[in-house]
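Beneath this line is the structure, given in structure tokens, with notes to follow.
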Amino acid sequence: MTGLQLEPGKRVSFNAPFLAKQKTAIRLTNKENWPIMYRISLTSPKRYNIDKMNGTLAVEASTLVVIYLNALKFREGMRDVITIEYCRIPQDYSLKFDEKFLSESDVVLRRTLPVHFNL
Numbered sequence: 001m002t003g004l005q006l007e008p009g010k011r012v013s014f015n016a017p018f019l020a021k022q023k024t025a026i027r028l029t030n031k032e033n034w035p036i037m038y039r040i041s042l043t044s045p046k047r048y049n050i051d052k053m054n055g056t057l058a059v060e061a062s063t064l065v066v067i068y069l070n071a072l073k074f075r076e077g078m079r080d081v082i083t084i085e086y087c088r089i090p091q092d093y094s095l096k097f098d099e100k101f102l103s104e105s106d107v108v109l110r111r112t113l114p115v116h117f118n119l
């Protein structure tokens, strides 16, 4: 399997009641044959805080990204999605995040995780 492996791989869940801040985590693992650069975005960024919005991963490296859900009043129809965009880094390129490099990359791959609210 190549690409960016996510754990959990299907969705991220938070449990009711949503009256206090909650946290969960996603493990990102680079299964590519070269280093990658990534950034994380959210459909509703004010509802969440993320400890690592972007970064790089060497081959076979992994990192744990903690996602905090701020206290909220749940409404039916909330369909939040977490998107991880990533691109390959040439072997001779610095292993540090570069927004311009990622934005101008010829190939930007995406993985998405829906947010599930357990009621």
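Position 79 (the sequence shown) corresponds to 79 in full-length UniProt numbering; numbering is contiguous. Glycine is no exception: its CB is placed at the ideal position from the N, C-alpha and C atoms.
V59 has its alpha-carbon roughly 6 Å from the corresponding atom of N33. Within the same chain, Cβ atoms closer than 8 Å to the Cβ of I36 are found at L4, N30, T56, L57, Y86, C87, R88, I89, the five residues on either side in sequence being excluded. Here S105 has C87 as same chain residues with Cβ atoms under 7 Å from its own Cβ, once five neighbours each way along the sequence are excluded. Under the Cβ criterion (8 Å, minimum of three pairs), the region 62-75 counts as touching the region 35-51. Pairing L42 with I84 gives a Cβ-Cβ distance that is not under 8 Å. P45 carries a helical assignment under DSSP once its states are collapsed to helix, strand and coil. With respect to the 8 Å criterion, R39 and L95 are not classified as neighbours on the basis of their beta carbons.
Shown here, F101 sits in a helix according to DSSP, grouped into three states.
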